[in-house]
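Have a look at the structure below, then the notes.
What follows is the structure, given as structure tokens:
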């Protein structure tokens, strides 16, 4: 499942041609929405002498019913802040236009990519721009501690920030009577108009008080332990076996969950077996924090155990930043890393795989560490496709953060790099006590959000059926005579999806996404909707992965979640890139044009009574080493539903066995 790294304890968090009319107008509208942000503009931001920047305030601060923070008034003027002042480069509008053109199959510029050097030469920052912004910051007493091709690192005080950005910064306590632990501008931020074309966004203005100790955060929230591959009873293929259950809705048996599909079964289901298109000549990057020291050896051992070749010499590599060892230590991101790496090799056996390790910083929710890792990929063109399961709830991100990610995404798109992200495993993102939320960066308009399905692979490797992933579940009592709550129980897990509150509707979703979804039932402007496309993600139809637990032994277990769906799609895009003769790059415009073709399977609701319940197994929290039994009712994804055409569970649909073959024929 996507690993959501928390921000500092929100009070309510469940976890060169000119623009073409229409297409770029939609992007401009989306960008304007982000720039408007969550806070009111500063008093003089509207002045011709100043240019407003995107709000640095995350949505959870201003959302109705969300805030339990106590405004303690003006923050101390000497409160220290660490900022990143991002530079706009020579032509940010031209970069956005170029990104759209190379990604649009109907545009003559489609797939005419640039190298990183060409991007820097045409659109990048200049020494003069860096010096100009640096001198302006220094004029307020701020200290520029470092620069690179994208931003200036700055230390400043609250007083300096207020004067430079024409804003007021207040402190906020988590409870009345406590000292301020957080600081945010109470209005918008702006810069002099003479710098409006030089500065794109500022990060770090949503900061914590360094004098208030916080509970140390681990680098990641651990996933729910997956059932071991040997958990019994289970099916070798979908529907192979069933188990008796306490009677419910006239049923006395239920299908057993799969033990874990083998690599061969997944290759059969996705049309990889006997295909000449296996990702050769393409490279896929996995971005996570931490690293398994045994990853390549584990993958080779896993595939050998299943009668398949592992990585050839030089096919797998790793890339780490200079602070990786200091911030991550011996932390290993398992089982996420083997799930991503081995899923890629399953579906694109000849593609190169590069594991790009993000620093294990939890500041800004880990967002800047992951942004830095992605930036290394685009600056060095380390890959053609990127897959990642990093996520924060969208309401934990500020419009300013989105601007910084957009710059990176647009650079990567112009280079022909596509970015795939897990859409989440929690349906609409609601915990029942507050509104739901989609996750970022999957919700970004330049990202491909990958949802999940329940993939029913038959005895001979054929796809017997496929449902949108989502399940209600209820635990069966230890005696097997009844249930611990009335069936069907409550929502357990499912494909993440829904409407973004932060990002406007991108051009490729216009006239495709039903208006009722994009506008929240007609109550709001059209926004970005998730997911875009889907692949297997249900634990009931999960697949095997193998790895060595740090300090432990090698074992195989069941992997799934949209964290697995994303690398499957990324691998198929690598295969398709080989078939097409070029990297697919940012795939969304193409994916939306593929709806209704044999490349995409439209996932619709199952007919009434046609979805048998499934007996699922999860490790027992009460009795370590044992499993609890659950009855799962499939095709129930919180408030999300599948439907003909685009839907908020599977997007345009799932990749079919014809997905890669389509590119060979076209």
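Residue numbers (the UniProt record's numbering): 1 to 666. Built from N, CA and C at the ideal position, the CB exists for glycine as well. Values in this document were obtained by computation on a predicted structure and should not be read as measured data.
For the beta strand (DSSP E) that contains residue i, what are its first and last residues?
i           : result
residue 247 : 242-248
residue 681 : No information on residue 681 is available, as it lies outside the stretch 1 to 666 that the chain covers here.
residue 311 : First-last for residue 311: undefined, no H or E at that position.
What residue range is occupied by the uninterrupted alpha helix (DSSP H) comprising residue i?
i           : result
residue 528 : Element bounds for residue 528: not the alpha helix (DSSP H) but the beta strand (DSSP E), 527-530.
residue 116 : 116-123
residue 346 : 336-347
residue 750 : Because the chain in this structure spans residues 1 to 666, residue 750 falls outside the shown range and cannot be described.
residue 569 : 562-580
residue 662 : 659-665
residue 267 : 263-269
residue 136 : 127-138
residue 372 : 367-380
residue 160 : 158-165
residue 588 : 588-594
residue 102 : 92-103
residue 327 : 324-328
Nearest-angstrom Cα distance between residue i and residue j?
i           : j           : result
residue 354 : residue 318 : 5 angstroms
residue 185 : residue 165 : 10 angstroms
residue 443 : residue 423 : 8 angstroms
residue 311 : residue 296 : 7 angstroms
residue 638 : residue 487 : 15 angstroms
residue 148 : residue 375 : 11 angstroms
residue 293 : residue 256 : 35 angstroms
residue 264 : residue 461 : 8 angstroms
residue 142 : residue 501 : 34 angstroms
residue 577 : residue 663 : 8 angstroms
residue 585 : residue 74  : 46 angstroms
residue 553 : residue 531 : 36 angstroms
residue 623 : residue 60  : 38 angstroms
residue 338 : residue 126 : 40 angstroms
residue 262 : residue 133 : 55 angstroms
residue 654 : residue 397 : 29 angstroms
residue 661 : residue 58  : 43 angstroms
residue 407 : residue 128 : 20 angstroms
residue 604 : residue 290 : 38 angstroms
residue 144 : residue 131 : 10 angstroms
residue 537 : residue 468 : 9 angstroms
residue 121 : residue 53  : 25 angstroms
residue 629 : residue 479 : 10 angstroms
When we look at the beta-carbon of residue i and count the other beta-carbons within 10 Å, is it buried (16 or more) or exposed?
i           : result
residue 529 : buried
residue 481 : exposed
residue 515 : exposed
residue 326 : exposed
residue 583 : buried
residue 521 : exposed
residue 213 : With a pLDDT of 33 at residue 213, under the threshold of 50, the modelled position of this residue cannot be trusted; read the value that follows with caution. Exposed, since its Cβ has fewer than 16 Cβ neighbours within 10 Å.
residue 50  : buried
residue 138 : exposed
residue 477 : exposed
residue 72  : buried
residue 680 : The question about residue 680 has no answer, for the chain in this structure spans 1 to 666.
residue 581 : exposed
residue 613 : buried
For residue i, collect the residues of the same chain with a Cβ closer than 6 angstroms to its Cβ; drop the 5 residues on either side in sequence, then sort them by chain order.
i           : result
residue 91  : 123
residue 412 : 378
residue 388 : 287, 421
residue 753 : Because residue 753 is not part of the residues shown, which for the chain are 1 to 666, the question remains open.
residue 268 : 461
residue 512 : 592, 646
residue 273 : 267
residue 659 : 572, 599
Skipping 5 residues on each side, what residues in its chain have a beta carbon closer than 7 angstroms to that of residue i?
i           : result
residue 441 : 405, 421, 447
residue 519 : 525, 526
residue 517 : 499, 529, 648
residue 204 : 81, 82, 83, 84
residue 401 : 203, 367
residue 193 : 48, 49, 50, 51
residue 371 : 404, 405, 408
Between residue i and the rest of its own chain, which residues show a CB-CB distance below 8 angstroms, the 5 nearest in sequence each way excluded?
i           : result
residue 549 : 334, 555
residue 306 : 262, 263, 264, 544
key: Any 3 or more C-beta pairs closer than 8 angstroms across the segment 543-560 and the segment 236-252   = No contact exists between the segment 543-560 and the segment 236-252.
query = Using 8 angstroms as the threshold, is the segment 493-508 in touch with the segment 583-598, meaning 3 or more CB pairs across them?
reply = Per the Cβ contact rule, the segment 493-508 is in contact with the segment 583-598 (3 or more Cβ pairs under 8 angstroms).
ask   = Just checking, does the segment 108-118 make contact with the segment 596-605 on the three C-beta pairs under 8 angstroms criterion?
value = Between the segment 108-118 and the segment 596-605, the count of Cβ pairs shorter than 8 angstroms is below three; the stretches do not touch.
ask   = Is it a yes or a no for the segment 452-459 touching the segment 148-158, going by three-plus beta-carbon pairs under 8 angstroms?
value = With a cut-off of 8 angstroms, the segment 148-158 and the segment 452-459 do not count as touching, because too few Cβ pairs lie within range.
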